[in-house]
Amino acid sequence: MSFKHKDYAGWGRALRASGAVARPDRASALAALPAAPAFGMRRSYGDAALNHGGRAIDMSGLDRFLAFDAGTGILELEAGVRIGDVAAAFAPRGFLPAVMPGTGFATIGGCIAQDVHGKNHHHAGSFGAHLAEITLWQGGNLVTVLPGTALFRATVGGLGQTGTILRAKLRLAPCTGTVMLVTERRARDWEQHLSLLDSATATHAVGWIDATATGAQIGRGIVEEGELARGLVTQRPKAAKVPLDAPQFALSAPVVRAFNAAYYARVPAAGRTVLRPLADFFFPLDRILDWNRLYGKHGFHQFQCVVPLQAAGALRKMLERIATSGLASPLAVLKRMGPGRAGYLSFPMEGYTLAVDFPNRAAARDLIRVLEEDTTDAGGRLYFAKDALAEGARIAAMYPELDAWRQEVAKADPARAYETDLVRRLKLRSP
Amino acid sequence: MQSWIILGAGSEMARPFLRRLAGTGAVLFLAGRNLAELETLAQDLRLRGAAAAEVLAFDARDSANYPALVARLAACEGVLNAASFVGSMPDQTAIDADPGLIAGVIADNFTGPATFLSLLAPVLEARGTGVVVGVGSVAGDRGRIGNYVYGAAKAGFATYLSGLRNRLGRRGVHVMTVKPGPVETRMTAGMKLPFMTTPEAVAEDILTGLEKRRNVIYTAKIWGLVMRVIRAIPEPLFKKLSL
């Protein structure tokens, strides 16, 4: 097993790297490799998975389920398993991962390293809250990491800096149904959108936001609430695939405005309740493979921030900036988060999170920088899984436990063997 | 109940195919050399829905235990199916330097799996049902300067499968030959090759091919067309090309 030269990119395809990549397909093959940063399916948008000019280890071949205890619901698996595969294999047996991000292609290692959240964050907390154990491969040793320890808090959401995440024990949640009962309601403006999210009682709740609507319609969108249910729905059709990089006009302002208007009108004014396959609800974009190519060869950026509840007004001002810029894509999401976070560098805080995609153009990059400033002023923070443009000084203010994380990481990896492009760009390991 | 014996079960190409079978609740026999690794994979497949998964030792270069393997399979009830993913592809330059390597390449890609399948054939004939999937390669369609010993072994296996299809087809057992182009695995890591496909796509194509009772499939599909062109090149011209 050896390293091969490879050009690779984050999911946004705006940041790229070139370097030696190895793809072990068994733990013994990993053990034979020198320490290097690990990545999974590279679903982080920016440079969290990149190590330009250095080595990297592709963990997607280490993808086996190792053991399952139906009594406790604890599943032990390798870090390269995709979270959607866990859902597909265990839902029929009455279990689901307690927290799933918006794509089923994310690996368990990635879910841990970014401490991801799902549409149920307000109830279930982040991914790390459902881990019973992590096994790290740390400079030639297997290290068992248990919840409650400083190393655990440094590893969960820790961007792979404490060692290679090799295996984990995941506490699955009972899955009481095989389909999702989804209620969709129109939110005609920002105030109604927030109040629908605030009053949502369902296990899963998320808002799609029309980031092109301005004036009285600003913040309009569709609030989606989901509960597991029993029922029969037609089989999910085979995924479509974007075969090549789309031209620039594909997501130009008039196209996006027209699409968003149609998408909004799709839900009747009185709302509706429908049954959906689980995968369609949890991983809606996975139905289109390689959808990131819709943004063309220059790629795109996703801006995602969370601000405290009392800063909702500041978030509205940010949305105004976005809506009047004419740069937003149809992919924009608003969600109310709970306080649950499991690591020193975990993203979530109690408040509202907004995520918007932008094509990778100079005007969009400038806008994102302004939005980052707004986020800082609002007492919010940016998400490492999405960020590609921020600077270190800004990040330090957003993550109050950064020092505690640095101490643990310095102990775990004194040789700095696991540093990635993101860690260097944001100067996470050194002030 | 569907049972499958998979030769070369530890190969990267076999893994997604095995998982698809596990999802249907099949009984799986994983045959290969690295028994510890296969046991980990067997556990993975049980957790993914396989009714049972059992590890069997199989070495394409040593047929001593084949009769015992066949006896084990004959004891298994229901529909018995077989698939061979075994193979090896040393660098052609290494073979040119040491022709002693040829015997191993022929055993891994042809005589090993063929010997096993011939021993299994009477069991399948007696049952009058089931399928056999043999994984060859587009490399077997023409002798190219870059890997003609590997190609020769795969060509031999393809011809063997053709005959086996002829024989078993009369008794209700369907034999399908699979000819993959380059697939992203360790074997091809770092190589820049045209029309690459993935083990997941190969698994999908095999299952679709079986559904349609196809005799020979190329995967990715485009290779069927490419190889038709390459086979049509007259030998006097072909011998001057370095494809």
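If you're matching them up, the sequences are chains P and H in order. For the record, in the first sequence the residue sitting at position 272 is 272 according to this note's numbering, with numbers rising by one throughout. Every number in this note's numbering is 1000 more than the matching position in the second sequence, counting from 1. Quick reminder that beta carbons are idealized off the backbone N, C-alpha and C, glycines included. As the structure is a computational prediction, the values presented were derived from the model and not from experiment.
Check: Check the C-beta distance from F1116(H) over to G1136(H) and give it rounded, since I have them as a contact under 8 angstroms.; Outcome: Contact flag wrong, Cβ pair sits at about 15 angstroms.
Check: Can you find a CB in chain P that lies within less than 8 angstroms of the CB of R1048(H)?; Outcome: yes
Check: Report the option in V423(P), T107(P), H117(P) whose CA atom is closest to the CA atom of R43(P).; Outcome: T107(P)
Check: Just to make sure I have the definition right: I need the residues of chain H whose C-beta is within less than 7 angstroms of the C-beta of R26(P). Which are they?; Outcome: E1037
Check: Please say whether R13(P) and E76(P) have beta carbons closer to each other than 8 angstroms?; Outcome: no
Check: Which ranges would you report for the beta strand (DSSP E) in the stretch 1123-1156 of chain H if only whole runs of at least 3 residues count?; Outcome: 1131-1135
Check: Would you say F127(P) and V145(P) are within 8 angstroms of each other, going by their C-beta atoms?; Outcome: no
Check: At a Cβ threshold of 8 angstroms, is A449(P) touching chain H?; Outcome: A question about residue 449(P) goes unanswered here, because the residues of chain P that appear run from 1 up to 431.
Check: For a cutoff of 8 angstroms on Cβ pairs, would you count R369(P) as touching chain H?; Outcome: no
Check: Could you tell me the boundaries of the alpha helix (DSSP H) in which C1076(H) lies?; Outcome: Neither: C1076(H) is in no alpha helix (DSSP H) and is coded neither H nor E.
Check: Decide if V333(P) is buried, meaning its Cβ has at least 16 other Cβ atoms within 10 Å, or exposed.; Outcome: buried
Check: Within its chain, find whatever has a CB closer than 8 angstroms to the CB of V423(P); leave out the 5 residues flanking it on each side and keep chain order.; Outcome: L159, Q161, R429
Check: Given that F65(P) touches chain H, what residues does it touch there, using C-beta distances under 9 angstroms?; Outcome: Q1043, D1044, L1045, R1046, L1047, R1048
Check: Could you list which residues in chain P have their beta carbon closer than 8 angstroms to that of E1012(H), in chain order?; Outcome: D25, G61
Check: Hey, would you say I57(P) sits closer than 8 angstroms to L33(P), going by beta carbons?; Outcome: yes
Check: What three-state label does DSSP hand Q436(P) in the structure shown?; Outcome: In the structure as shown, chain P starts at 1 and stops at 431, and residue 436(P) therefore has no counterpart that could be examined.
Check: Give the secondary structure of G351(P) by DSSP, where H, G and I count as helix, E and B as strand, and everything else as coil.; Outcome: strand
Check: For a cutoff of 8 angstroms on Cβ pairs, would you count F68(P) as touching chain H?; Outcome: yes
Check: What span of residues does the beta strand (DSSP E) with Q302(P) cover, start to end?; Outcome: 300-308
Check: CB-CB under 8 angstroms to G73(P), same chain, minus the five flanking residues each way: which ones, in chain order?; Outcome: F95, R171, L172, A173, P174
Check: Helix, strand or coil: which one does DSSP assign to I1233(H)?; Outcome: coil
Check: Residues of chain P with CB under 9 angstroms from T1093(H), in chain order?; Outcome: Simply none; closest approach about 18 angstroms.
Check: Using the C-alpha atoms, what's the distance from P330(P) back to G1112(H)?; Outcome: 56 angstroms
Check: Identify which residue in R55(P), D280(P), R272(P) has its Cα closest to the Cα of T178(P).; Outcome: D280(P)
Check: Near F1029(H), which residues of its chain fall below 6 angstroms by C-beta distance, leaving aside the five closest residues on each side in sequence?; Outcome: I1005, E1054, L1056
Check: Any beta carbon of chain P sitting closer than 8 angstroms to that of T1177(H)?; Outcome: no
Check: Within the same chain, show all residues whose beta-carbon is closer than 6 angstroms to that of A98(P), passing over the 5 residues directly before and after it, in chain order.; Outcome: A124, H130, A173
Check: Tell me, please, which residues DSSP counts as bridged to L136(P).; Outcome: V143(P), I165(P)
Check: Do T1198(H) and V1183(H) have their C-beta atoms closer together than 8 angstroms?; Outcome: yes
Check: Would T1024(H) count as contacting chain P if we go by Cβ distances under 8 angstroms?; Outcome: no
Check: Can you tell me whether I218(P) is helix, strand or coil according to DSSP?; Outcome: coil
Check: Can you round the beta-carbon distance between T1219(H) and P1194(H) to whole angstroms, since I take them to be within the 8 angstroms contact cut?; Outcome: About 14 angstroms separates the two Cβ atoms, so there is no contact after all.
Check: Checking contacts by CB at 8 angstroms: is T1040(H) closer than that to chain P?; Outcome: yes
Check: Which one or two residues does DSSP pair with T273(P) in a beta bridge?; Outcome: T183(P)
Check: Counting Cβ pairs, one atom from each stretch, are 3 or more of them under 8 angstroms apart for the stretch 238-248 of chain P and the stretch 282-298 of chain P?; Outcome: yes
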